[in-house]
Structures are given as C-alpha cells and as structure tokens.
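Student: Next up is a structure, given as structure tokens.
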Amino acid sequence: MIGGGGTNLGANANANFGANAASAPPSVGALTLRSAAQSGSLVKYAPADFARPGLCAEIAAAMQRVDPQLRLDGMDRLVPLRRLELMLASDELDVFFCLLASERRREMMRFLPVPLYRVRHVIMMRAGEPAPQTWTALRAFARRKPLLLVQGTQLAVALQQADVAHVETARSESDALQMLLRGRTDAVYGQDLALRHAMRTAGIDEGRIQFGPQAFEEQPQFAVVSRHLPEPVVERLTERLRQLQASGELARIVDRYR
C-alpha cells in the first residue's frame with residue numbers, strides 16, 4: 000500500500016500509483032509489497048533458526064527497520080526457487096531477496112543495482128581426495144562422474160557454458176552434503192556460503208569434508224523486483240539498500256554468515 004489512504008500494489012500497480020505519485024514521494028508513505036522466502040536454502044532463509052534466520056531474511060528485516068513505513072508481506076511463505084522466478088515474471092511478487100543475475104532472469108525481472116553480498120563458486124569433496132583447480136581439470140573430473148548441483152541453481156549456467164558435466168538432483172545444500180557423504184556423488188559444485196552453512200547446520204566434522212582452493216567464479220547476489228513495479232517504488236527500495244550499504248549494516252549481516 001502507498002500513501003496514507005493505502006494503494007494496493009498488484010496487477011494494476013502502475014495505474015494505481017500514478018494518482019498518488021505527485022503527492023507521495025518514493026521516500027515516504029505507507030507501502031506494502033508482496034514478497035516470499037526461498038525454500039531449500041537455509042543460508043538465505045531459515046525460519047526455524049531464531050539465532051540465524053537467514054542472510055536474505057535478515058536483509059529484508061533490515062530494509063523494514065530503515066524504512067518503518069515499508070511492509071514486506073509474505074515473508075513467512077517458503078517457495079521453491081523456480082516458482083519464485085515465475086511469480087516475479089508474472090507479477091505475483093513485487094520484490095525478492097536475493098538472486099544471482101543472468102540474461103534469462105533479466106528478461107523476467109528487474110535487478111536493483113546495489114549488490115547485497117558476493118558468493119564464490121567452489122567444489123566440495125570428501126576429505127583426502129585431490130580437487131580439480133582449473134576448468135580443464137574440472138571438465139576431466141566431471142566426465143568420470145558429473146558434479147552434483149542443487150535443483151534450479153543459476154550456477155548450472157556457468158557449467159553449461161564451460162562444458163562441465165553435472166546433474167541437478169539435490170533438493171538443497173544439506174541434501175547435497177548428505178549425498179556426498181554417502182558416496183552418491185564425488186563432488187558438489189555450489190556457493191561457498193551456502194555449502195559451509197549446510198555443514199555447520201548439520202554438525203559435520205570439517206575433517207570429513209574439504210573445499211577446493213579454487214573459486215571457479217564469483218558473483219554478487221541482488222534484490223529483484225517485478226518489471227511492473229512503479230519506478231518511484233523501485234527508487235525507494237534502491238535508496239534504502241544504499242542506506243544499509245553506507246551504514247555498514249549490510250556488511251555486518253553478511254559477516255554473520257561467513
């Protein structure tokens with residue numbers, strides 16, 4: 000909702016907002032936006048963990064603290080990643096925290112220009128096994144047994160482009176970790192923060208698992224919005240993210256999950 004009387008943001012967001020745009024600058028006014036939490040990624044959203052409810056959940060909460068008139072509705076709803084993409088593309092969601100950028104996703108949604116945190120693409124293996132450290136070595140390794148990825152992850156794009164064999168059969172980083180320990184895969188390819196968080200959550204002894212020393216790629220995570228969201232609202236969200244970045248709050252949140 001926007002303004003004192005409240006304007007609903009939905010399929011007719013642009014039309015509804017237009018009447019209030021002149022009197023309600025993007026930096027003020029009650030504003031309710033539709034959002035959701037991602038299922039299967041505990042480093043982003045862990046509603047059962049009160050101490051560490053998730054990196055992206057904490058960023059969303061910080062956004063509402065810095066803008067007390069902003070309300071993010073639906074943060075208690077866990078949605079699979081692929082469904083989240085479709086909901087943003089079909090204007091069922093207004094904003095979501097956080098996603099990696101890609102050409103395909105840029106056609107479906109809009110990425111706010113403030114990077115939230117960076118992730119490194121790494122390989123996780125059982126301890127004591129030699130880890131590939133170059134793309135050439137990774138391709139050769141994966142030809143013997145494909146790398147395991149979490150379903151729907153954007154990291155698969157990089158592997159496809161590099162011609163590295165892989166399968167997306169793990170439901171989450173925790174699932175991938177267990178499949179590795181049980182010998183159902185020889186290597187997991189994923190985001191460093193998410194994989195390390197899965198290890199800590201599961202209480203896995205670090206002596207059983209190793210991470211390759213090479214980061215094969217590094218990417219920022221962003222907040223994304225529906226392409227139908229009115230421009231003044233996009234500017235308001237962007238400005239709030241810049242405030243969190245400038246104050247150091249964004250960095251403090253991220254450091255809690257490293």
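Its first residue numbered 0, the sequence shown is counted upward by one per residue in numbering that gives the first Met the number 0.
We treat Cβ as the ideally placed atom computed from N, Cα and C, and that holds for glycine.
Might you give, ordered along the chain, the residues of its own chain that have their beta carbon closer than 8 Å to the beta carbon of Gln68, omitting 5 neighbours on each side?
Tutor: Excluding sequence neighbours, Gln68 sits near Val27, Gly28, Ala29 and Leu30.
Student: Less than 9 Å between the beta carbons of Trp134 and Ala169, yes or no?
Tutor: No.
Student: Grouping DSSP H, G and I as helix and E and B as strand, with all else coil, what is Pro79?
Tutor: In this structure, Pro79 counts as coil in the three-state DSSP scheme.
Student: So if DSSP puts Thr31 in a beta bridge, which residue, or which two residues, is it bridged to?
Tutor: Beta-bridge pairing links Thr31 to Arg70.
Student: With Leu137 as the anchor, note down where its alpha helix (DSSP H) starts and where it stops.
Tutor: That run of the alpha helix (DSSP H) goes Trp134 to Arg143.
Student: So Arg199 is in the alpha helix (DSSP H); what residue range does that whole segment cover?
Tutor: From DSSP, the alpha helix (DSSP H) with Arg199 extends over Asp191 to Ala201.
Student: Whole angstroms are fine: how far does the CA of Cys55 sit from the CA of Ala136?
Tutor: If you take the alpha carbons of Ala136 and Cys55, they lie about 34 Å apart.
Student: For the alpha helix (DSSP H) holding Arg125, just list the boundary residues, first then last.
Tutor: Taken as a continuous stretch (DSSP letters only), Arg125 belongs to no alpha helix (DSSP H), being part of the beta strand (DSSP E) at Tyr116 to Arg125.
Student: Tell me which residue opens and which closes the alpha helix (DSSP H) that Pro231 is part of.
Tutor: Per DSSP, Pro231 belongs to the alpha helix (DSSP H) from Glu230 to Ser246.
Student: Is it the case that the Cβ atoms of Val121 and Phe210 are separated by a distance below 9 Å?
Tutor: Contact flag set, yes.
Student: Name the residue from Val78, Leu85 and Leu240 whose alpha carbon lies nearest to the alpha carbon of Arg226.
Tutor: Among Val78, Leu85 and Leu240, the Cα nearest to that of Arg226 belongs to Leu85.
Student: Do you know how far the Cα of Gln213 is from the Cα of Ala193?
Tutor: When rounded, the distance between both Cα atoms is 16 Å.
Student: Taking just the CA atoms, how far does Met123 sit from Val78?
Tutor: So the two alpha carbons sit approximately 26 Å from each other.
Student: Quick one: give me the first and last residue of the beta strand (DSSP E) that Glu217 is part of.
Tutor: That run of the beta strand (DSSP E) goes Glu216 to Val224.
Student: Let's see if you can read the secondary structure: which residues bound the beta strand (DSSP E) around Gln209?
Tutor: Ile208 to Phe210 is the extent of the beta strand (DSSP E) around Gln209.
Student: With burial defined as no fewer than 16 other Cβ atoms inside 10 Å of the residue's Cβ, what is the status of Phe49: buried or exposed?
Tutor: Classification of Phe49: exposed, given that the 10 Å Cβ count is below 16.
Student: Within the chosen definition, does the stretch 32-41 reach the stretch 89-96 through at least 3 CB pairs nearer than 8 Å?
Tutor: Contact between the stretch 32-41 and the stretch 89-96 is present, because at least three Cβ pairs lie under 8 Å.
Student: Between the stretch 230-246 and the stretch 58-73, can you find at least three pairs of beta-carbon atoms closer than 8 Å?
Tutor: The stretch 58-73 vs the stretch 230-246: in contact.
Student: Which residue wins for smallest C-alpha separation from Pro145, given the options Leu83, Val166 and Gln244?
Tutor: Among Leu83, Val166 and Gln244, the Cα nearest to that of Pro145 belongs to Val166.
Student: Look up Glu167 in the DSSP assignment and say whether it is helix, strand or coil.
Tutor: Three-state result, Glu167: strand.
Student: Within a Cβ cutoff of 7 Å, which residues of the same chain sit near Ala155, ignoring the five residues on either side of it in sequence?
Tutor: Excluding residues within five positions, the ones whose Cβ falls inside 7 Å are Leu148, His165 and Glu167.
Student: Suppose you measure from the CA of Asp185 to the CA of Arg199; what does that come to, to the nearest Å?
Tutor: Computed Cα separation, rounded: 20 Å.
Student: Buried or exposed for Glu57, going by 16 or more other Cβ atoms inside 10 Å?
Tutor: Glu57 comes out buried.
Student: For Ser246, is the classification buried or exposed, using 16 other Cβ atoms within 10 angstroms of its Cβ as the cut-off for buried?
Tutor: Ser246 comes out exposed.
Student: State buried or exposed for Ala139, treating a residue as buried only when at least 16 other CB atoms are found within 10 Å of its CB.
Tutor: So Ala139 ends up on the exposed side.
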